[in-house]
Amino acid sequence: MTSWALRPARSRRDRVPRIGLFGLLGSGNLGNDASLATVLAHLRAAYPGAEIRIMTTGHEEVAARYGVATTPLHVVDTLRRKPHGALGALVRLGGKLADGVATLVWLVGLDVVVVPGMGVLEASLPIWAWQFPLALLTLCVLARVVGTPVGLVGVGAQVVDERPLRRVLVWSARAAAYRSYRDELSRSAMRDMGVDTSRDDVYCDLVFAMPAPTPAGPVVPGAVGVGVMDYHGRNGAADRRREPAIHAAYLAMTSAFVLRLVDAGRTVRLFVGDGVDTSVADTVIREVRSARPAVEVGRVALVATDDLDGLMNAMAEVEIVVATRYHNVVAALMAGRPTVSLGYAPKNAVLMEEFGQGRFALALESTDLDTLCARFDELDADRAAAARVIAAAAQHCRRRAEAELTDMSRMLIDAAAGRAGREAPS
1 MTSWALRPAR SRRDRVPRIG LFGLLGSGNL GNDASLATVL AHLRAAYPGA EIRIMTTGHE
61 EVAARYGVAT TPLHVVDTLR RKPHGALGAL VRLGGKLADG VATLVWLVGL DVVVVPGMGV
121 LEASLPIWAW QFPLALLTLC VLARVVGTPV GLVGVGAQVV DERPLRRVLV WSARAAAYRS
181 YRDELSRSAM RDMGVDTSRD DVYCDLVFAM PAPTPAGPVV PGAVGVGVMD YHGRNGAADR
241 RREPAIHAAY LAMTSAFVLR LVDAGRTVRL FVGDGVDTSV ADTVIREVRS ARPAVEVGRV
301 ALVATDDLDG LMNAMAEVEI VVATRYHNVV AALMAGRPTV SLGYAPKNAV LMEEFGQGRF
361 ALALESTDLD TLCARFDELD ADRAAAARVI AAAAQHCRRR AEAELTDMSR MLIDAAAGRA
421 GREAPS
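According to full-length UniProt numbering, numbering within the sequence shown proceeds without interruption in unit steps and concludes at 426.
Structure (structure tokens):
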């Protein structure tokens with residue numbers, strides 16, 4: 001925990017807490033949305049009468065799903081027609097100024113703001129400082145000005161080399177009232193970038209507090225789950241220049257791996273973790289059907305799910321999983337599935353180590369098809385032993401994630417009681 005207490009700024013004993021949630025939520029990323037669902041469920045159980053407002057990119061989706069008041073994170077996104085060229089640049093600049101005003105208005109009356117999970121302090125995938133990082137900095141700075149504490153709860157972080165982005169993330173972290181992380185890698189990264197983390201705690205990813213999977217059917221014999229991703233490389237100039245080649249190489253290896261599974265008689269279920277990944281799954285299916293037109297259509301199929309619950313339930317029906325997205329790996333481990341992580345960032349490897357599966361954490365940028373197949377075969381040969389280790393680790397992570405939510409509530413309640421006592425008339 002940081003030097004600020006997570007204290008509501010305008011608490012009163014005669015009203016319920018007013019809590020804001022902020023982030024890239026409701027936009028189709030199953031991991032981010034699961035973090036929101038986990039924290040929202042906890043807040044509703046702990047504070048039944050709480051007033052909850054959410055500022056997010058997917059404000060319409062979140063409002064419809066949860067029945068809460070929402071505000072768009074970016075004003076420009078609400079425009080029906082977005083201008084291009086010089087006019088578009090001016091509109092976007094004006095939009096950033098409008099975002100600041102909207103954020104300030106949204107903060108008025110809130111006791112506390114929670115940024116639930118997500119990799120808000122990392123840049124493992126292509127992102128610019130003026131995108132969500134600037135929105136986060138705007139929130140943290142304005143909230144500090146008006147005296148509303150911001151809690152970065154169970155977030156991910158990494159060391160960022162690009163100077164503008166690094167500064168924005170560091171300033172955001174310093175302006176926050178409270179910070180906790182999903183792994184030690186994240187806390188170490190912030191410390192390495194100059195943030196005082198001496199009072200920051202490490203737990204597990206928030207979504208580990210979700211209920212255990214409840215699959216609709218039994219495990220399908222021979223079924224393999226493959227989590228695909230619309231991968232174009234990591235954040236940085238070098239990968240941006242090579243985006244088409246990186247994406248093509250990923251598609252080629254994934255398609256070849258699935259084809260190998262089909263030739264071995266396996267059934268393949270393709271999983272996605274974000275709406276943008278669906279096109280990759282469709283491409284893989286086309287490639288396999290083109291190469292093996294005689295293969296039954298159902299042997300390789302996309303399992304579309306609306307949330308992480310559905311993804312976990314679907315993963316519980318396969319024997320083994322190979323996945324790229326971080327929360328696809330999380331879902332597979334929560335489902336108790338032996339898992340090969342084909343990771344695009346160190347966070348995947350850290351998670352796999354925590355589950356005693358470090359040998360099956362492969363770095364996407366340096367893994368070829370032969371290595372992937374060899375590691376898959378090794379894990380597949382001893383699935384039962386891996387599943388036992390994974391199940392025990394999942395229970396530990398569940399307890400840690402639940403403890404994080406409890407700690408967040410305790411600090412919120414204690415702070416509210418203390419402020420209410422100070423403000424009560426003598």
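Every residue gets a Cβ at the ideal spot worked out from N, C-alpha and C, and that includes glycine.
From A391 to M334, what does the alpha carbon distance come to, in whole angstroms? Here residue 391 refers to the residue found at position 391 when the sequence shown is read from its first residue. Here residue 334 refers to the residue found at position 334 when the sequence shown is read from its first residue. Approximately 8 Å between the Cα atoms of the pair.
Out of D377, D274, V112, state which residue places its alpha-carbon closest to the alpha-carbon of residue 438. Outside the displayed range of the chain (1 to 426) lies residue 438, so it cannot be described from this structure.
Does DSSP classify T267 as helix, strand or coil? Taking the first residue of the sequence shown as position 1, residue 267 is located at position 267. In this structure, T267 counts as strand in the three-state DSSP scheme.
To the nearest angstrom, how far is the alpha carbon of G117 from that of P133? Here residue 117 corresponds to residue number 117 of the sequence shown, with the count starting at 1. Here residue 133 corresponds to residue number 133 of the sequence shown, with the count starting at 1. Going by the C-alpha atoms only, they are around 14 Å apart.
My parser needs the beta strand (DSSP E) runs of 3 or more residues fully inside the region 37–77; what are they? 51–56, 69–72
Less than 6 Å between C-beta atoms, sequence neighbours within five positions excluded: which residues of the same chain meet that for T38? Here residue 38 refers to the residue found at position 38 of the sequence shown. Excluding positions up to five away in sequence, the list reads L206, V207, A209, M210.
Could you name the residues of the same chain whose beta carbon sits closer than 7 Å to that of V220, not counting the 5 residues immediately before and after it, in chain order? On the sequence shown, residue 220 is found 220 positions in, with the first residue counted as 1. Hits under 7 Å: T267, E317, V318.
Label G194 either buried or exposed according to how many other C-beta atoms from any shown protein chain fall within 10 Å of its C-beta, with 16 as the threshold for buried. For this step, residue 194 is matched to residue 194 along the sequence shown. Flag for G194 reads exposed.
Identify, in the order they occur along the chain, each residue of the same chain with its Cβ nearer than 6 Å to the Cβ of L36, setting aside the five sequence neighbours on each side. Working through the sequence shown from its first residue, we reach residue 36 at position 36. So the qualifying residues of the chain are L25, P116.
Where do the N-terminal and C-terminal ends of the alpha helix (DSSP H) with R289 fall, by residue? For the purposes of this step, residue 289 is identified with residue 289 of the sequence shown, where counting begins at 1. Its alpha helix (DSSP H) spans residues 278–291.
Continuous beta strand (DSSP E) stretch holding A323: start and end: Translated into positions along the sequence shown, residue 323 becomes position 323. It spans 320–323 - the beta strand (DSSP E) in which A323 sits, taken as one unbroken run.
In three-state DSSP terms, what is T339? In the sequence shown, the residue the question calls residue 339 occupies position 339. Here T339 sits in strand by DSSP.
From R383, R375, S180, V75, residue whose alpha carbon lies closest to that of D407: In the sequence shown, the residue the question calls residue 407 occupies position 407. The option with the nearest alpha carbon to D407 is S180.
Please list the terminal residues of the continuous alpha helix (DSSP H) segment that includes R174. Position 174 of the sequence shown, counted from the start, is the residue given in the question as residue 174. Run containing R174: 163–175, per the alpha helix (DSSP H) assignment.
Cα separation between T70 and L139? In the sequence shown, the residue the question calls residue 70 occupies position 70. In the sequence shown, the residue the question calls residue 139 occupies position 139. Between T70 and L139, the C-alpha separation is close to 15 Å.
Residue interval of the alpha helix (DSSP H) (run including V141): Along the sequence shown, read from residue 1 onward, the residue named residue 141 stands at position 141. Unbroken alpha helix (DSSP H) run through V141: 132–146.
Which residues share a DSSP beta bridge with F22? Here residue 22 is taken as the residue at index 22 of the sequence shown, counted from 1. Bridge partners of F22: M55.
Taking only runs of the alpha helix (DSSP H) that begin and end inside the region 191–248, which ones reach a length of at least 4 residues, in chain order? 237–241
Which residues in the same chain as I413 place their Cβ atom closer than 6 Å to its Cβ, once the five residues preceding and following it in sequence are excluded? By one-based count along the sequence shown, residue 413 stands at place 413. With a pLDDT of 47 at I413, under the threshold of 50, the modelled position of this residue cannot be trusted, and the question is left open.
Can the beta-carbon of Y231 be found less than 8 Å from the beta-carbon of T339? Sequence index remark: in the sequence shown, residue 231 carries index 231 (1-based). Sequence index remark: in the sequence shown, residue 339 carries index 339 (1-based). Contact flag unset, no.
Taking 8 Å as the limit between beta carbons, can you name the residues of its chain near V295, skipping five residues before and five after? Stepping through the sequence shown from its first residue, residue 295 is reached at position 295. Same-chain partners within the cutoff: V262, V288, R289.
Specify, as a first and last residue, the run of the beta strand (DSSP E) that V155 falls within. Translated into positions along the sequence shown, residue 155 becomes position 155. That run of the beta strand (DSSP E) goes 150–155.
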